[in-house]
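Student:
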Amino acid sequence: MTVRTRFAPSPTGFLHIGGARTALFSWAYARRHGGTFILRIEDTDVARSTPEAVQAILDGMQWLGLTHDEGPFYQMQRMDRYRQVIAEMLEAGTAYRCYMSREELDLLRAEQEARKEKPRYDGRWRPEAGKTLPAPPAGVAPAIRFRNPKDGVVGWQDQVKGRIEFANAELDDFVIARADGTPTYNFCVVVDDRDMDITHVIRGDDHVNNTPRQINLLQALGAPVPQYAHLSMILGDDGQKLSKRHGAVSVMQYEEDGYLPEAVLNYLARLGWSHGDEEVFGMEQFVKWFDLDHITASAAQFNTEKLNWLNAHYLKLADPQRLAAEASRRLAAQGVAVDGGPDVADVAVLYRDRVSNLNELADAIHPFFVAVVPTAELVAQHLTEAARKGLKALSDRLAGCTWQAADLGQAVKQTAAESGLKMPQLAIPLRIVLLGQPQSPSIDAVLEVMGRERVLARLAREIPV
RNA sequence: GUCCCUAUCGUCUAGAGGCCUAGGACAAUACCCUUUCACGGUAUGAACCGGGGUUCGAAUCCCCGUGGGGACGCCA
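Using the numbering used here, the letters of the first sequence correspond one by one to residues 1 to 465.
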């Protein structure tokens, strides 16, 4: 049997971190077993679904490289199929028409809650042997309800949580089609999972309570029951539940914040799943290792610091041209052009191990392209008379120096010695003049990458001849 | 209220009855490297929710509490 998994988001917002991890695990499981990964858009909530949200989900998955093999399928385009199945169920007696009005339903619920009971449909329109149903009220369009088994238990071996069982008595006859004829979530999922031959349903554990209903429905349809794996949720950095109001952000926000997709992927893979002590690995390795047995059953708290660490790690490994492209794009967004300046890739390599994201990288290399005026405080503190003299001497020496790190370093050293300055007493003022700040990578590398022309021009501006 | 899930360092986790004096990673702290700042390296501190069982032996199995989460829609 070939493995078929699916990711089935509802397009009511962006792809957030929890959804991304669900997609990642579903994708990885299919890849691991040479199976098929299907994307299905559950857009039956017409009021809340938008094409923008569909696009946002597609963008997020593309950024992460989670490519699907089939789909995207849209539930709204499968209405005919759902209606057909509903008709079959009505025919077979596994579903029935319910003429109860909203008002009656609300009343029933209120009574049950007053009695501290679990609110549920009381089955008043459920056909039963020897039971006489009331006459259907005129002009009322019925909802269609599933005839759920009354006794016994529904259970399954959850691939992450173990055996889970529900008493059928806890479940009521839920609506599978609204009065206006549109099918509901639990019904569409079941029809789709069957039609698409889904073998493994990997989804958030907020669906645990839907699973017994879906299994009963599947069985009423005579369809095979897939394996289920329910992933626990991801909590925010503060341990609080993620919600639109609180902390939930689009995965595309991570791209905007300067994260590399491979870092986000590695982080997510390790959040709620483990392979011994392995912490750093790429997707190829992940796919080889991934299994359902090592998924954590409890909720996990998101930890931005660890993500930052991974991102810094992948930044050190990234192709310099890629860093250059990303940093240039970010500088351009700030109105900074890199054309005519030093080689962006060279500068980026100088700073890649000092930053933890691409925005920091762009900020760090910024002064190479636009002269930064040092603060008066820095100038007052470091550009002493002696330092200025030293810089002047250095400027003269640099004009005729071979432009290579080793020689440049030598030039700075000699100038310092001849001017009676200690290395930092010359190098720090030099950094301030060149970059506007007292810290930088090693000074010889900075000089080499910045280029003679630019270095001399900046020195001349601060140290008039 | 009822049902369901869950519980190891601050955080992510390893752990399938003896390998656990509980391991790794992030974060923290200290030191080393570096005539700057980082990176890097080394080291240190830091946890089995509580109570009962089962067993020669429990972080691991069972029960009861407690904490956290979810679900009870003609939402998905």
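No residue lacks a Cβ here, since even glycine has one placed at the ideal position from N, Cα and C.
Taking all protein chains shown into account, decide if Arg322 is buried (16 or more other Cβ within 10 angstroms of its Cβ) or exposed.
Tutor: In the first sequence, residue 322 corresponds to position 322, counting from 1. When all chains shown are included, Arg322 counts as exposed.
Student: Beta strand (DSSP E) containing Glu165: first to last residue?
Tutor: By 1-based counting over the first sequence, the position of residue 165 is 165. Under the DSSP assignment, Glu165 falls in the beta strand (DSSP E) whose first and last residues are Gly162 to Ala167.
Student: Short of 7 Å in beta carbon distance, which residues of its chain neighbour Ile215, apart from the five on each side in sequence? Order them along the chain.
Tutor: Sequence index remark: in the first sequence, residue 215 carries index 215 (1-based). Around Ile215: Val154, Trp156 and Val225.
Student: Can you look up Pro212 in the DSSP assignment and give me helix, strand or coil?
Tutor: On the first sequence, residue 212 is found 212 positions in, with the first residue counted as 1. The answer is helix: DSSP assigns Pro212 an H, G or I state.
Student: Based on Cα-Cα distance, which residue from Phe174, Gly152, Asp180 and Tyr96 lies nearest to Asn168?
Tutor: For the purposes of this step, residue 168 is taken as residue 168 along the first sequence, with counting starting at 1. Of the listed residues, the one whose Cα sits closest to Asn168 is Gly152.
Student: Any idea what DSSP makes of Phe286, helix, strand or coil?
Tutor: Along the first sequence, one-based indexing puts residue 286 at 286. Here Phe286 sits in helix by DSSP.
Student: Taking the beta strand (DSSP E) that Glu70 belongs to, which residues open and close that run?
Tutor: Looking up residue 70 in the first sequence gives position 70. Per DSSP, Glu70 belongs to the beta strand (DSSP E) from Glu70 to Tyr74.
Student: I want to know whether the region 129-146 touches the region 106-113 - three or more CB-CB distances under 8 Å.
Tutor: no
Student: Is it true that the CB of Leu231 sits closer than 8 Å to the CB of Ile164?
Tutor: To locate residue 164, count along the first sequence from 1; it is residue 164. To locate residue 231, count along the first sequence from 1; it is residue 231. No, the Cβ-Cβ distance between Ile164 and Leu231 is not below 8 Å.
Student: What first and last residue would you give for the alpha helix (DSSP H) that runs through Ala87?
Tutor: Indexing the first sequence from 1 puts residue 87 at position 87. Start and end: Met79 to Ala92.
Student: Run through the region 259-339 for me and flag every whole alpha helix (DSSP H) of 4 or more residues, listed as ranges in chain order.
Tutor: 261-270, 283-289, 304-317 and 320-333
Student: Evaluate the contact criterion for the region 237-253 versus the region 13-22: three or more CB pairs, one atom per stretch, below 8 Å.
Tutor: yes
Student: Please report the residue range of the alpha helix (DSSP H) in which Tyr121 lies.
Tutor: Here residue 121 is taken as the residue at index 121 of the first sequence, counted from 1. It is not in any alpha helix (DSSP H) - Tyr121 carries neither H nor E in the DSSP assignment.
Student: Between which residues of its own chain and His200 is the CB-CB distance below 7 Å, once the five residues before and five after are set aside?
Tutor: For this step, residue 200 is matched to residue 200 along the first sequence. Cβ neighbours of His200 beyond the five flanking positions: Val3, Thr5, Tyr29, Pro226, Gln227 and Ala229.
Student: Rank Lys150, Pro429, Asn357 and Leu435 by C-alpha distance to the C-alpha of Glu256 and give the top, closest one.
Tutor: Sequence index remark: in the first sequence, residue 256 carries index 256 (1-based). Nearest C-alpha to Glu256: Asn357.
Student: Would you please state the rounded distance, in angstroms, between the beta carbons of Ala300 and Leu235? I believe it to be under 8 Å.
Tutor: Numbered from its first residue, the first sequence carries residue 300 at position 300. Numbered from its first residue, the first sequence carries residue 235 at position 235. About 7 Å; that satisfies the 8 Å criterion.
Student: Can you find the residues in the same chain that come closer than 8 Å, C-beta to C-beta, to Glu448, ignoring five residues on each side of it along the sequence?
Tutor: Residue numbering aside, residue 448 sits at position 448 when the first sequence is read from its first letter. Only Trp403, Gln404, Ala405 and Leu408 meet the Cβ criterion.
Student: Using 10 angstroms around the beta-carbon of Ser101, count the other beta-carbons present and answer buried if the total reaches 16, otherwise exposed.
Tutor: Here residue 101 corresponds to residue number 101 of the first sequence, with the count starting at 1. Exposed is the call here.
Student: Taking the C-alpha atoms as reference points, what is the distance between Pro72 and Ile41?
Tutor: Within the first sequence, the letter at position 72 stands for residue 72. Within the first sequence, the letter at position 41 stands for residue 41. So the two alpha carbons sit approximately 6 Å from each other.
Student: Alpha carbon to alpha carbon, how far is Trp125 from Pro134? Give it in angstroms, no decimals.
Tutor: Residue mapping note: residue 134 aligns to position 134 of the first sequence, counting from 1. Residue mapping note: residue 125 aligns to position 125 of the first sequence, counting from 1. Looking at the two C-alpha atoms, the distance is approximately 8 Å.
Student: Are Leu456 and Ser395 touching if we call contact CB-CB under 8 Å?
Tutor: For the purposes of this step, residue 456 is identified with residue 456 of the first sequence, where counting begins at 1. For the purposes of this step, residue 395 is identified with residue 395 of the first sequence, where counting begins at 1. Result yes, Cβ atoms of Leu456 and Ser395 sit closer than 8 Å.
Student: What number of angstroms, rounded off, separates the C-alpha of Gln425 from the C-alpha of Val349?
Tutor: As a working mapping, residue 425 is identified with position 425 in the first sequence. As a working mapping, residue 349 is identified with position 349 in the first sequence. Answer to the nearest angstrom: the Cα atoms are 26 Å apart.
Student: With a threshold of 16 other CB atoms inside 10 Å of the CB of Glu462, please say whether the residue is buried or exposed.
Tutor: For the purposes of this step, residue 462 is taken as residue 462 along the first sequence, with counting starting at 1. The residue is buried, with at least 16 neighbouring Cβ atoms inside 10 Å.
Student: For Ile443 versus Leu378, is the C-beta spacing smaller than 8 Å?
Tutor: Counting from 1 along the first sequence, the entry for residue 443 is found at position 443. Counting from 1 along the first sequence, the entry for residue 378 is found at position 378. Against a cut-off of 8 Å, the Cβ pair of Leu378 and Ile443 comes out as no contact.
Student: Sorted by chain position, which residues of the same chain lie with C-beta nearer than 8 Å to Asp206's C-beta, five sequence neighbours on each side aside?
Tutor: Taking the first sequence and counting its residues from 1, one reaches residue 206 at position 206. Cβ within range, chain order: Met233.
Student: Tell me the DSSP secondary structure of Pro374 in three-state form.
Tutor: Taking the first residue of the first sequence as 1, we reach residue 374 at position 374. Pro374: coil per DSSP, three-state reduction.
Student: By how many angstroms is the C-alpha of Asn308 removed from the C-alpha of Glu262?
Tutor: Along the first sequence, read from residue 1 onward, the residue named residue 262 stands at position 262. Along the first sequence, read from residue 1 onward, the residue named residue 308 stands at position 308. So the two alpha carbons sit approximately 12 Å from each other.
Student: What do you get for Asn266, buried or exposed, if any count of 16 or more other CB atoms within 10 angstroms of its CB means buried?
Tutor: Sequence index remark: in the first sequence, residue 266 carries index 266 (1-based). With 16 or more other Cβ atoms within 10 Å, it is buried.
Student: Got a sec? Which residues, its chain only, sit under 8 Å from Phe174 by beta carbon, not counting five neighbours each side?
Tutor: Here the question's residue 174 lines up with position 174 in the first sequence. For Phe174, where only same-chain residues beyond five positions count, the Cβ hits under 8 Å are Tyr121, Arg145, Phe146, Asn148, Thr184, Asn186 and Arg213.
Student: Is DSSP giving Ala411 helix, strand or coil here?
Tutor: In the first sequence, residue 411 corresponds to position 411, counting from 1. Here Ala411 sits in helix by DSSP.
Student: State buried or exposed for Gly139, treating a residue as buried only when at least 16 other CB atoms are found within 10 Å of its CB.
Tutor: Position 139 of the first sequence holds residue 139. Under this definition Gly139 is an exposed residue.
Student: Taking C-alpha atoms, which residue in Arg330, Arg329 and Gly239 lies nearest to Ser298?
Tutor: What you label residue 298 is simply residue 298 of the first sequence in a count that begins at 1. The closest CA to that of Ser298, considering only Arg330, Arg329 and Gly239, is found on Gly239.
Student: In terms of DSSP beta bridges, what is Gly204 paired with?
Tutor: Residue numbering aside, residue 204 sits at position 204 when the first sequence is read from its first letter. Answer is Leu231, bridged to Gly204.
Student: If you reduce the DSSP assignment to three classes, tell me which class Asp238 lands in.
Tutor: Here residue 238 corresponds to residue number 238 of the first sequence, with the count starting at 1. Coil.
Student: Cα separation between Pro367 and Lys241?
Tutor: Working through the first sequence from its first residue, we reach residue 367 at position 367. Working through the first sequence from its first residue, we reach residue 241 at position 241. Each residue's Cα considered, the two are about 41 Å apart.
Student: Give me the residue from Lys413, Leu434 and Ser440 with the minimum Cα distance to Leu459.
Tutor: Taking the first sequence and counting its residues from 1, the one referred to as residue 459 is at position 459. Here the closest residue by C-alpha is Leu434.
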